[in-house]
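Remarks on the structure that follows.
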Amino acid sequence: MSSGPWAKTAVPPAHSLACGDFPLISFPMGRTVVVLGGGISGLAASYYLSRAPCPPKVVLVEGSKRLGGWIRSIRGPDGAIFELGPRGIRPAGVLGAQTLLLVSELGLDSEVLPVRGDHPAAQNRFLYVGGALHPLPTGLRGLLRPSPPFSKPLFWAGLRDLTKPRGKEPDETVHSFTQRRLGPEVASLAMDSLCRGVFAGNSHELSIRSCFPSLFQAEQSHRSVILGLLLGAGQKPQPDSALIRQARAERWSQWSLRGGLEMLPQAFESHLTSSGVHVLRDQPVYGLSLQAEGHWKVCLGDSSLEADHVISAIPASELSKLLPADAAPLAHVLSTITAVSVAVVNLQYQGANLPVQGFGHLVPSSEDPVVLGIVYDSVAFPEQDGSSPGLRVTVMMGGSWLHTLEASGCALSQELFLQQAQEAVATQLGLKEQPSHCLVHLHKNCIPQYTLGHWQKMESAMQFLAAQRLPLTLAGASYDGVAVNDCIESGRQAAVRILGTERNS
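The UniProt record's numbering puts the first residue of the sequence shown at 1, with every later residue one more than the last.
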């Protein structure tokens, strides 16, 4: 689950969005960059700007009272950690290594909790199908033998992929792509569940090109997904640090932080304030207007900021409401990048045991329209169980069920979500006792949906920004990846582009 309620927008009081009548908050002379949104993307953008040899003046504007967006960790009465959003970060690939390097730069090495490659949470993941938990097959033996809920060994799905021609469409839904290459069972069980687990979305609507670019590129470059993933595009250079080398040697599947992942945005904030970045909390943005001299005016209600450049790390649909009339084509494109809501229920049980050991399980939409999946938090990170160790699990709910409830205007009560979650853990995990502690949160519009043709929206937005030479850079989960690593990288890239522009100007 990725990124957060970065900055709130609101209907402004009875005054112009041009902000012309309100006092200007001024900062020391020099180029000023305003970053909209204090979620992980906005924090990362501010951080990398502040570390430049000659950094610009950076102002981070957050609409709520806290930083970190959807990354939020709560400590229970016994000291147990409950994650309301993301709970683990993958160290794999260039982006995973880049985040580990960042962790070291922020002085968090000693707080890292790794899930090593030989751990059950790294090796075991499950699907809940037909009223039972089924381990996902791993390794060559797993592909060659029958693996319920699949009716025959997945070897046959791989053989199908190797014999299929390359697709000719510039984009395709995840379901269509998977069914064409790997067969209907893999599409309706595995990929349907994966889309629900990562995006809380519908595989019949999501784009393979934008949601799973490595699969799309594998087919494009090698005609086969399997060949493409095996042969790859060559080894990309990775950053290096002691922590990165340790993660590689121990084959970490993911990691967290001892006090919860919110330690990461907290460390960002400490660095930013000590580096002279101005952090404005509880400051909803009401509008943006471009001045004759090419500067932005950022309206904050009873005051305004002037900026040479704006990085927007708020959701695309929220930014669309802030742009001036001259940017109407861009606003229209951004307004079509929608997001879905997810209900998260954290449960703690005393003296209870799970029927299996692993990271957790996903649930295909054909099995349960309510529950997306259940994470077995205590298996991956027992260090966060607290002083009276109990079993911690997190139930994620959403999909068409929640969308229908929201659209109908039904009351979305905590009692409803808690009841559904307890029924799910009783049915799917056999946990029938009352939890000793529970937390219920509804995250509204928290995960952007990269639907079919998302790449064209991105292309259109980039072309508009380039043609109009707008001093505006887009960052965050709305565009190019919803995982924490993706969001941090989008913030870093936004900073790199601005610093490059400064050098060239």
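Every residue gets a Cβ at the ideal spot worked out from N, C-alpha and C, and that includes glycine.
- Below 8 Å, enough C-beta pairs join the region 441-449 and the region 192-205 to call them touching: three or more.
- DSSP places Phe-464 inside the alpha helix (DSSP H), whose first and last residues are 454-468.
- In this structure, Tyr-48 and Gly-491 form a Cβ contact; the two beta carbons are roughly 7 Å apart against a cut-off of 8 Å.
- Contact between the region 237-246 and the region 468-487 is absent: fewer than 3 CB-CB pairs across the two stretches fall below 8 Å.
- With distances taken between CA atoms, Leu-108 lies nearest to Gly-260 out of Gly-260, Trp-252, Pro-135, Ser-64.
- When the alpha-carbon of Ser-366 is set against those of Arg-31, Ala-187, Ile-89, Arg-87, the nearest one is in Ala-187.
- In this structure, Leu-452 keeps its C-beta atom at 8 Å or more from the C-beta atom of Glu-293.
- Ser-413 and Lys-321 have their alpha carbons spaced roughly 29 Å apart.
- By the CB criterion at 8 Å, Ala-380 and Ala-121 fall inside the cutoff.
- In the three-state reduction of the DSSP assignment, Asn-485 falls in the helix class.
- Between the C-alpha atoms of Asp-161 and Glu-169 there is a straight-line separation of about 17 Å.
- Secondary structure at Gln-291: coil, using DSSP grouped into helix, strand and coil.
- Measuring C-alpha to C-alpha distances from Gly-96 to each of Leu-243, Leu-230, Gln-123 identifies Leu-243 as the nearest.
- Between the region 75-95 and the region 381-398 there are three or more C-beta pairs closer than 8 Å, enough to call the two in contact.
- In chain order, Lys-432 place their CB closer than 6 Å to the CB of Ala-426, counting only its own chain and leaving out the 5 sequence neighbours on each side.
- A direct Cα-Cα distance of roughly 15 Å separates Ser-270 from Val-58.
- In this structure, Leu-84 lies near Ile-74, with their beta-carbon atoms less than 8 Å apart.
- Note on geometry: alpha-carbon atoms of Pro-165 and Ser-224 lie some 8 Å from one another.
- The region 468-484 and the region 294-314 touch, with three or more beta-carbon pairs separated by less than 8 Å.
- For Arg-160, the three-state secondary structure derived from DSSP is helix.
- When only Cα atoms are considered, Trp-156 and His-222 end up about 19 Å apart.
- Remark: fewer than three beta-carbon pairs, one from each stretch, lie closer than 8 Å, so the region 138-153 and the region 280-289 are not flagged as touching.
- Counted as a single uninterrupted DSSP element, the alpha helix (DSSP H) harbouring Tyr-47 occupies residues 40-50.
- Just measuring C-alpha positions, the residue of Leu-442, Ala-424, Val-375 sitting nearest Gln-434 is Ala-424.
- For Ser-341, the three-state secondary structure derived from DSSP is strand.
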